[in-house]
Amino acid sequence: MSEVLVKQIHEASMKILEQAGIRFHHPDALKVLKEHGVRVESGIAYFTEAQVMDWIGKAPATAKIYADDPQYDVVLGGDRSWNAPAAGPTQILETDGTLRPANMADFVKMLKLYEANPSYSINGGVPCQPEKVPEQWSTLLLLYSAFLHSRKSIWSGSGNYEQMEAVIELTKLRYGVTDEELKAKPRIMTIVNTDTPLQFDINMTETMLTFLKYRQPLCVAAASMAGTTSPVTLGGTLAMANAEIISALVLAQMYAPGAPVIYGSQSTNADLRSAAIAIGSPEGALCYKYCGELAQFYGIPSRAGGCLTDAKQLDVQAGYESMLTYYACREGKVNAIFQSAGILNSYLAASFEKMITDFEVIDFADRYLKEFEINDETVPLELIKELGPGEQYLTEEHTLEYCRMETLTPNISARGPMADPAGALKRNIAKRMGKLLDSYQPPVIDKSVLDGMRNLLRSHGISDQDIQNMEID
13 MSEVLVKQIH EASMKILEQA GIRFHHPDAL KVLKEHGVRV ESGIAYFTEA QVMDWIGKAP
73 ATAKIYADDP QYDVVLGGDR SWNAPAAGPT QILETDGTLR PANMADFVKM LKLYEANPSY
133 SINGGVPCQP EKVPEQWSTL LLLYSAFLHS RKSIWSGSGN YEQMEAVIEL TKLRYGVTDE
193 ELKAKPRIMT IVNTDTPLQF DINMTETMLT FLKYRQPLCV AAASMAGTTS PVTLGGTLAM
253 ANAEIISALV LAQMYAPGAP VIYGSQSTNA DLRSAAIAIG SPEGALCYKY CGELAQFYGI
313 PSRAGGCLTD AKQLDVQAGY ESMLTYYACR EGKVNAIFQS AGILNSYLAA SFEKMITDFE
373 VIDFADRYLK EFEINDETVP LELIKELGPG EQYLTEEHTL EYCRMETLTP NISARGPMAD
433 PAGALKRNIA KRMGKLLDSY QPPVIDKSVL DGMRNLLRSH GISDQDIQNM EID
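With the working numbering, letter number 196 in the sequence shown gets 208, and the count goes up by one each step, no holes.
Listed below in structure tokens is the structure:
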């Protein structure tokens with residue numbers, strides 16, 4: 013049934029691209045499209061199915077990001093899912109329920125938690141948007157902080173041509189590479205979003221063309237809201253979002269044939285009682301799942317979803333919505349699962365306690381999806397015969413040998429008898445967080461590299477105080 017639906021979504025999207033078209037606001041995008049035979053009228057580009065399939069076919073099936081530590085290199089594509097940080101919340105929910113603006117200490121603490129968790133090979137980006145960071149150079153400064161705190165594969169925010177060229181220069185300084193070396197071994201990825209409905213804006217175009225120029229992996233994502241910015245029907249939303257994504261990916265391949273691109277979607281529905289976005293909904297989960305399946309249809313990597321919730325605090329709603337949306341990504345074989353830890357209140361807030369519970373969701377999903385074996389060792393017939401009816405297996409050597417391999421030992425779940433069951437989860441979350449922070453290891457960076465990066469920041473008018481704010485431990 014999924015294969016049939018994917019084909020139907022594709023066919024509907026082709027009609028949208030041919031008959032409704034996509035408005036591209038940047039003249040550079042329109043120039044590329046016209047030069048490659050796309051019909052453009054009044055800034056709206058109309059694509060034929062033949063054009064779409066020809067150019068999408070030039071995109072590689074995988075996208076690789078090289079980390080500072082090679083054990084964290086990431087290859088997006090195929091059936092493997094990679095967890096990636098949250099993106100964009102401006103507020104932090106404290107343990108006592110207080111909501112406050114995010115700051116740089118929060119940003120760095122999040123980087124450390126992702127860094128210390130072995131379930132992650134991707135770090136950086138904007139796990140929260142800290143206040144008091146100069147807006148013009150926020151993407152550059154936060155990337156600098158990520159470079160200082162992570163050895164993993166890094167993703168970057170977006171911006172205009174000047175800001176993105178600075179991002180590329182900082183990346184080259186961090187890894188000591190030339191333009192050609194960076195193109196040969198990509199070091200960062202980014203995400204650009206369509207401007208739903210059926211548009212692509214100026215800033216996203218400049219981010220996109222800069223990353224393509226240097227052949228760094230680029231994700232194009234739609235974030236349609238069924239009922240407000242797209243048709244209320246799931247089929248209509250998926251078809252329109254797919255048309256937006258595909259149009260930008262076609263542009264990408266026309267500009268830089270063979271450059272690594274990623275199919276992304278955070279589309280979901282609106283709750284029509286208030287018109288508010290509903291990121292933890294079953295409809296959203298289906299959008300995230302079909303993102304993965306549509307990307308596989310086109311033969312390119314995917315990005316979607318995460319542990320998403322509209323809950324305002326860490327409660328039962330946060331739990332069931334996050335488990336559903338994360339598992340939908342895994343079921344759809346989404347390659348890069350951003351927003352995979354910490355999100356609350358429809359992307360507006362983050363919580364450290366929510367991060368730790370989402371880490372547990374990831375562990376549970378990993379175990380559930382891990383195949384088990386049937387062989388002479390896992391079905392110990394001789395032992396079963398020897399013990400016979402009515403005996404126990406707890407003290408058997410076979411149990412001791414396999415217990416850690418066969419069963420997941422949760423980090424925070426409250427099980428068994430305890431004196432204070434009501435407070436057990438809270439204590440376990442704090443304990444898990446403390447262990448991760450204690451195990452954090454920063455990258456080792458030569459002073460000459462640090463000086464080079466600082467000088468680049470200064471060359472863009474960034475003050476020493478703002479630079480120092482990024483360097484907090």
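Just so it is clear, CB atoms sit at the ideal spot from N, CA and C, and this is done for glycine as well.
Alpha carbon to alpha carbon, how far is Leu42 from Ile214? 11 Å
Count the other CB atoms, across all protein chains shown, that sit within 10 Å of the CB of Met430; report buried if there are 16 or more and exposed otherwise. exposed
Name the DSSP bridge partner or partners of Trp94? Ala348
Please classify Asn205 as buried or exposed, where buried requires at least 16 neighbouring CB atoms within 10 angstroms. buried
Rounded to whole angstroms, what is the Cα-Cα separation between Pro113 and Asn423? 29 Å
Cut-off 6 Å between Cβ atoms - residues of its own chain near Lys301, not counting five sequence neighbours on either side: Ala340, Glu343 and Gly344
Quickly, what does DSSP pair Met201 with across the bridge? List them, please. Trp167
Under 8 Å by Cβ, that's how I've got Tyr275 and Pro313 pegged, so tell me the actual separation to the nearest angstrom. 7 Å
If we require 3 or more residues per run, which beta strand (DSSP E) segments fall completely within the segment 282-332? 288-290 and 314-316
Of the residues Ser475, Lys397, Glu372 and Phe350, which one's Cα is nearest the Cα of Gly137? Phe350
Three-pair Cβ contact test at 8 Å for the segment 389-399 versus the segment 126-140: no
Would the segment 303-311 count as touching the segment 270-284 if we require 3 or more Cβ pairs under 8 Å? yes
Using only CA atoms, which one of Ala128, Glu193 and Ser170 lies nearest to Arg163? Ala128
Taking buried to mean at least 16 other C-beta atoms within 10 Å of its own C-beta, is Ala99 buried or exposed? buried
With DSSP run on the structure shown, which of helix, strand or coil describes Thr280? strand
Tell me which residue opens and which closes the beta strand (DSSP E) that Pro433 is part of. First-last for Pro433: Pro433 to Ser451, but that is the alpha helix (DSSP H), not the beta strand (DSSP E).
Using 9 Å as the threshold, is the C-beta distance between Pro272 and Tyr78 below it? no
On the criterion of 16 or more Cβ atoms from any shown chain inside 10 Å, does Thr9 qualify as buried, or is it exposed? Here the chain comprises residues numbered 13 to 485, so residue 9 is not present and cannot be evaluated.
Can you tell me where the beta strand (DSSP E) holding Cys231 begins and where it ends? Leu230 to Ala234
Which full runs of the alpha helix (DSSP H) of 4+ residues lie inside the segment 351-433, going along the chain? 364-381, 393-399 and 409-418
Count the other C-beta atoms from every protein chain shown that fall within 10 angstroms of the C-beta of Glu333, then say buried if there are 16 or more, exposed otherwise. buried
Looking at the unbroken alpha helix (DSSP H) that takes in Lys76, where does it start and where does it end? Not the alpha helix (DSSP H): Lys76 falls in the beta strand (DSSP E), residues Ala75 to Ile77.
Are Arg285 and Ala233 close, meaning C-beta to C-beta below 9 Å? no
Candidates Gln31, Glu61, Thr419 and Pro101: which alpha carbon is nearest Ser358's? Pro101
Answer yes or no: do Gln141 and Ser131 have a C-beta to C-beta separation smaller than 9 Å? no
I need the straight-line Cα distance from Leu155 to Ile484, nearest angstrom please. 14 Å
Run through DSSP, which three-state label would Arg227 get? coil
Relative to the C-alpha of Lys447, which residue among Ile368, Phe376, Ala434 and Ile180 is closest? Ile368
Boundaries of the alpha helix (DSSP H) in which Val16 is found, first to last residue: Ser14 to Gln31
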